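Chemist: Please see the structure below; I have some questions.
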Amino acid sequence: MQDEPTPIELTKAVADFLRSDITPLISGHQAFKLRVAINILDLVTRQLTQEEGSDAREVERLRALLGVEGSVTELNRALAERIARGEVDLATPGLAEHLWATTMDKLAVDQPNYASYKRELSRGG
Amino acid sequence: MIETELSRSVQRWCRGATGVTGAAKLSGGASQETWRFDITHPDGPIGAILRRSPKGYGAAPTRAAGLAAEAQLMQLAFEAGVPSPRVMHVLTPDDDLGTGFIMQRVEGETIARKILRDDEFAAARPLLARQIGGVLAGLHQLPQDKLPELRSRSATQEISEFDRDYRSLNWPKPVFELALRWLRDHDPGPSTEVTLVHGDFRNGNLIIGADGVRAVLDWELAHLGDPMEDLGWVCVNSWRFGEIDKPVGGFGSREELFAGYEAAGRKVDAARVKFWEVMGTLRWGIMCGGMMQRFREGPDHSMERAMIGRRASETEIDLLRLLAPRGG
Numbered sequence: 001m002q003d004e005p006t007p008i009e010l011t012k013a014v015a016d017f018l019r020s021d022i023t024p025l026i027s028g029h030q031a032f033k034l035r036v037a038i039n040i041l042d043l044v045t046r047q048l049t050q051e052e053g054s055d056a057r058e059v060e061r062l063r064a065l066l067g068v069e070g071s072v073t074e075l076n077r078a079l080a081e082r083i084a085r086g087e088v089d090l091a092t093p094g095l096a097e098h099l100w101a102t103t104m105d106k107l108a109v110d111q112p113n114y115a116s117y118k119r120e121l122s123r124g125g
Numbered sequence: 001m002i003e004t005e006l007s008r009s010v011q012r013w014c015r016g017a018t019g020v021t022g023a024a025k026l027s028g029g030a031s032q033e034t035w036r037f038d039i040t041h042p043d044g045p046i047g048a049i050l051r052r053s054p055k056g057y058g059a060a061p062t063r064a065a066g067l068a069a070e071a072q073l074m075q076l077a078f079e080a081g082v083p084s085p086r087v088m089h090v091l092t093p094d095d096d097l098g099t100g101f102i103m104q105r106v107e108g109e110t111i112a113r114k115i116l117r118d119d120e121f122a123a124a125r126p127l128l129a130r131q132i133g134g135v136l137a138g139l140h141q142l143p144q145d146k147l148p149e150l151r152s153r154s155a156t157q158e159i160s161e162f163d164r165d166y167r168s169l170n171w172p173k174p175v176f177e178l179a180l181r182w183l184r185d186h187d188p189g190p191s192t193e194v195t196l197v198h199g200d201f202r203n204g205n206l207i208i209g210a211d212g213v214r215a216v217l218d219w220e221l222a223h224l225g226d227p228m229e230d231l232g233w234v235c236v237n238s239w240r241f242g243e244i245d246k247p248v249g250g251f252g253s254r255e256e257l258f259a260g261y262e263a264a265g266r267k268v269d270a271a272r273v274k275f276w277e278v279m280g281t282l283r284w285g286i287m288c289g290g291m292m293q294r295f296r297e298g299p300d301h302s303m304e305r306a307m308i309g310r311r312a313s314e315t316e317i318d319l320l321r322l323l324a325p326r327g328g
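Top line first, the protein sequences correspond to chains S and B. According to the UniProt record's numbering, the first sequence holds residues 1 to 125 in order. According to the UniProt record's numbering, the second sequence holds residues 1 to 328 in order.
Written out as structure tokens, the structure is:
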């Protein structure tokens, strides 16, 4: 077991430093790059916070859908192959719900301000 | 300094020109650059743009039409009254500037978010969807016997190409698989009519002024194909920049786009437009994957490129909204 602070706490501390202390000092193209850097750290923090739970739920759904065991990566590969072969499609019970839930979890990490995501979230997640 | 070569060049083909000032690079990758500069002239400065591949970068990427074709298309469009910059000069070896062309600079805005938010464009915005329909109709009617040599792509060929691009990424994505299945199942077959297709006609590649569309830019993906492809691409959600209820670039409705297109004497096939919108959404998603790959393998190890990889999920939610919409 590693010591603390946790990666989440450390990443947040760096992002806060860049946001509060460095942003006022920088302009032009470097300021744009700094914003991108801060966005990356914020994304990493969201992923570190949410990934464990969302992966566990995704694996649970994939096992039910496919009837096999595996890691989240293996199960995703298996689902992709079954869709490609036409064995699973939108008429398959649970597929649409699974894809929606998985995609919403991804947007929550990648781009929580994306308008389509916010619209779907307002429908109840 | 590029100004030395530009000064020598303009004095050869622009009557009265004595030199250039203010050359500044606007954008550029390894193989293609855009510069702005002013031609010094007794009647006052002339705003100009240079598009070029620097010396040693002659080869265009496979999908691109090439700068010579781009120059020819822009000039044709200009002559036909489609908003386009006038091409002033096609580079020759004597110019010592690489390959490419110099065109008149059109004043206006290309940054989509500014066009969608700034007061300056408030009067133009409600007119744009219909206007874009008219511009696309004009573009699709450019005389085919005058077009440069262009690649020709049917829907079926495009599906196979995207399938191959996606599989080469080794990036299993169930939503992309679903989209590929949907595209195969809904492939409309060969278009009854094949025209010039711009290939990247969208908010971001248009110069907009207070009066509306002033110029269509970035012709590098021009090809021959189904004209409905351009109507579908301009509606892809990624180019609405948050204005998701206004499908045409965040400006207006499909109905307005179609009305503008048909008022200019052309027919719309709405089912084909929808097909190309799905195709376009997947296309941008796969491109995001390509950016991720280029970030990983170099040479562009920039943060921006890395972050574009994390925008593929935007196209996944948009594909689900198109193919498996939830009620209410």
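Just so you know, even glycine gets a beta-carbon here, dropped at the ideal spot from N, CA and C. This one's a predicted model, so the numbers in the text were calculated from it and none came from an experiment.
So, using beta-carbon positions, are W233(B) and G280(B) closer together than 8 Å?
Modeler: Here residue 233(B) is taken as the residue at index 233 of the second sequence, counted from 1. Here residue 280(B) is taken as the residue at index 280 of the second sequence, counted from 1. Cβ distance < 8 Å, so W233(B) and G280(B) count as in contact.
Chemist: Which term fits K55(B), buried or exposed, when burial requires 16 or more other beta carbons within 10 angstroms of its beta carbon?
Modeler: Here residue 55(B) corresponds to residue number 55 of the second sequence, with the count starting at 1. So K55(B) ends up on the exposed side.
Chemist: Which residues share a DSSP beta bridge with S53(B)?
Modeler: In the second sequence, the residue the question calls residue 53(B) occupies position 53. Bridge partners of S53(B): T99(B).
Chemist: What number of angstroms, rounded off, separates the C-alpha of G58(B) from the C-alpha of A69(B)?
Modeler: If you number the second sequence from 1, residue 58(B) lands on position 58. If you number the second sequence from 1, residue 69(B) lands on position 69. Because G58(B) sits at a pLDDT of 49, beneath the cut-off of 50, its placement in the model cannot be relied upon, and the following sentence gives the value as read from the coordinates. Their Cα atoms are separated by approximately 13 Å.
Chemist: Answer with buried or exposed for V248(B), where buried requires no fewer than 16 other C-beta atoms within 10 angstroms of its C-beta.
Modeler: Within the second sequence, numbered from 1, the residue matching residue 248(B) stands at position 248. Buried.
Chemist: Identify the contact partners of A324(B) in chain S, using a Cβ-Cβ distance below 9 Å as the criterion.
Modeler: Taking the first residue of the second sequence as position 1, residue 324(B) is located at position 324. What A324(B) touches in chain S: L90, L95, A96, L99, W100.
Chemist: Return helix, strand or coil for D38(B), following the three-state DSSP convention.
Modeler: The residue given as residue 38(B) occupies position 38 in the second sequence. Correct three-state label for D38(B): strand.
Chemist: If contacts are defined as beta-carbon pairs under 8 Å, then residue 163(S) and L18(S) qualify, I think. What distance do you get, rounded to the angstrom?
Modeler: In the structure as shown, chain S starts at 1 and stops at 125, and residue 163(S) therefore has no counterpart that could be examined.
Chemist: Below 6 Å CB to CB, which residues in the same chain sit around Q32(B) once its five sequence neighbours on both sides are set aside?
Modeler: As a position in the second sequence, residue 32(B) is number 32, starting the count at 1. S53.
Chemist: Only counting the same chain, and skipping five residues up and downstream in sequence, which positions put a Cβ closer than 6 Å to that of R61(S)?
Modeler: Numbered from its first residue, the first sequence carries residue 61(S) at position 61. For R61(S), where only same-chain residues beyond five positions count, the Cβ hits under 6 Å are H98.
Chemist: Is the shortest distance between the beta-carbon of T45(S) and the beta-carbons of chain B less than 8 Å?
Modeler: Position 45 of the first sequence holds residue 45(S). So no, T45(S) is outside the interface.
Chemist: Verify whether the separation of the beta carbon atoms of T73(S) and L48(S) is less than 8 Å.
Modeler: On the first sequence, residue 73(S) is found 73 positions in, with the first residue counted as 1. On the first sequence, residue 48(S) is found 48 positions in, with the first residue counted as 1. In this structure, L48(S) does not lie closer than 8 Å to T73(S) by Cβ.
Chemist: Could you tell me the alpha carbon to alpha carbon distance between G19(B) and D95(B), rounded to whole angstroms?
Modeler: As a working mapping, residue 19(B) is identified with position 19 in the second sequence. As a working mapping, residue 95(B) is identified with position 95 in the second sequence. G19(B) and D95(B): Cα-Cα distance of roughly 14 Å.
Chemist: The beta strand (DSSP E) with R214(B) in it runs from where to where?
Modeler: To locate residue 214(B), count along the second sequence from 1; it is residue 214. Element bounds for R214(B): 212-216.
Chemist: Would residue 392(B) and A155(B) be called neighbours here (beta carbons separated by less than 8 Å)?
Modeler: The requested residue 392(B) does not occur in the structure, where chain B is confined to residues 1 to 328.
Chemist: Taking 8 Å as the threshold (C-beta atoms), are A259(B) and A123(B) in contact?
Modeler: As a working note, residue 123(B) is residue 123 in the second sequence. As a working note, residue 259(B) is residue 259 in the second sequence. Not closer than 8 Å, so no.
Chemist: From G225(B), I132(B), E149(B), pick the residue whose C-alpha is nearest to that of V194(B); which is it?
Modeler: The count along the second sequence starts at 1 and reaches residue 194(B) at position 194. Out of G225(B), I132(B), E149(B), G225(B) has the C-alpha closest to the C-alpha of V194(B).
Chemist: Can you give me the C-alpha to C-alpha distance between A60(B) and P227(B), rounded to a whole angstrom?
Modeler: Position 60 of the second sequence, counting from 1, holds the residue named residue 60(B). Position 227 of the second sequence, counting from 1, holds the residue named residue 227(B). With a pLDDT of 45 at A60(B), under the threshold of 50, the modelled position of that residue is not reliable, and the figure given next carries that caveat. When rounded, the distance between both Cα atoms is 24 Å.
Chemist: Alpha carbon to alpha carbon, what distance is there between Q141(B) and C14(B)?
Modeler: Residue numbering aside, residue 14(B) sits at position 14 when the second sequence is read from its first letter. Residue numbering aside, residue 141(B) sits at position 141 when the second sequence is read from its first letter. For C14(B) and Q141(B), the distance between alpha carbons rounds to 31 Å.
Chemist: Using 10 angstroms around the beta-carbon of R12(B), count the other beta-carbons present and answer buried if the total reaches 16, otherwise exposed.
Modeler: Within the second sequence, numbered from 1, the residue matching residue 12(B) stands at position 12. With fewer than 16 Cβ atoms within 10 Å of its Cβ, R12(B) is classed as exposed.
Chemist: Which ranges would you report for the beta strand (DSSP E) in the region 238-279 of chain B if only whole runs of at least 3 residues count?
Modeler: Whole beta strand (DSSP E) segments, 3+ residues: zero.
Chemist: How many Å lie between R125(B) and I115(B) at the Cα?
Modeler: Indexing the second sequence from 1 puts residue 125(B) at position 125. Indexing the second sequence from 1 puts residue 115(B) at position 115. Using only the alpha carbons, I get a separation of about 8 Å.
Chemist: So, does the CB of E109(B) fall closer than 8 Å to a CB anywhere in chain S?
Modeler: Locating residue 109(B) in the second sequence gives position 109, counting from the first residue. No, E109(B) does not count as interfacial toward chain S.
Chemist: Can you tell me which of the three DSSP states I1(B) falls into?
Modeler: Here residue 1(B) corresponds to residue number 1 of the second sequence, with the count starting at 1. Note that residue 1(B) is Met in the sequence shown here, rather than Ile. The answer is coil: DSSP assigns M1(B) none of H, G, I, E or B.
Chemist: Going along the chain, which unbroken runs of the alpha helix (DSSP H) with 4 or more residues stay wholly within the region 115-200 of chain B?
Modeler: Those alpha helix (DSSP H) runs which fall completely within the region 115-200 of chain B and span 4+ residues are 125-140, 155-168, 174-185.
Chemist: Using a 10 Å radius around the Cβ and a threshold of 16 neighbouring Cβ atoms, would you call V68(S) buried or exposed?
Modeler: Position 68 of the first sequence, counted from the first residue, corresponds to residue 68(S). With fewer than 16 other Cβ atoms within 10 Å, it is exposed.
Chemist: Contact criterion: CB-CB distance below 8 Å. Does E51(S) meet it with respect to chain B?
Modeler: Counting from one through the first sequence, the residue named residue 51(S) turns up at place 51. Taking Cβ atoms only, chain B never reaches closer than 8 Å to E51(S), which makes this a no.
Chemist: Let me see if you follow: with CB-CB separation under 8 Å, is L79(S) close to chain B or not?
Modeler: For the purposes of this step, residue 79(S) is identified with residue 79 of the first sequence, where counting begins at 1. So yes, L79(S) belongs to the interface.
Chemist: Shortest alpha-carbon distance to D21(S) belongs to which of L34(S), A84(S), A56(S), P112(S)?
Modeler: Walking along the first sequence from the start, residue 21(S) turns up at place 21. The shortest C-alpha separation from D21(S) is found at L34(S).
Chemist: Mind listing the chain S neighbours of P172(B)? Cutoff is C-beta to C-beta under 7 Å, in chain order.
Modeler: Within the second sequence, residue 172(B) is the residue found at index 172, counting from 1. Within chain S, the residues near P172(B) are N76, R77, A80.
Chemist: For S313(B), would you say it is in contact with chain S, using Cβ-to-Cβ distances shorter than 8 Å as the test?
Modeler: On the second sequence, position 313 is the one that residue 313(B) refers to. At least one chain S Cβ lies under 8 Å of S313(B).
Chemist: Using 8 Å as the Cβ pair cut-off and three pairs as the minimum, do the region 285-293 of chain B and the region 306-314 of chain B touch?
Modeler: Verdict: yes, contact present.
Chemist: Under DSSP, the beta strand (DSSP E) around I83(S) begins and ends at which residues?
Modeler: Here residue 83(S) refers to the residue found at position 83 when the first sequence is read from its first residue. Segment 72-84 is the alpha helix (DSSP H) holding I83(S); no beta strand (DSSP E) there.
Chemist: Could you tell me whether any non-hydrogen atom of the ligand MG is closer than 7 Å to the CB of P7(S)?
Modeler: The ligand content of the structure shown is nil, which means the ligand MG is not present either.
Chemist: M303(B) CB to nearest chain S CB: under 8 Å?
Modeler: Locating residue 303(B) in the second sequence gives position 303, counting from the first residue. Chain S contact via Cβ: present.
Chemist: Thinking just about the alpha-carbon of each residue, which of R167(B), Q157(B), G212(B), L73(B) is nearest to the one in P143(B)?
Modeler: Sequence index remark: in the second sequence, residue 143(B) carries index 143 (1-based). Among R167(B), Q157(B), G212(B), L73(B), the Cα nearest to that of P143(B) is on L73(B).
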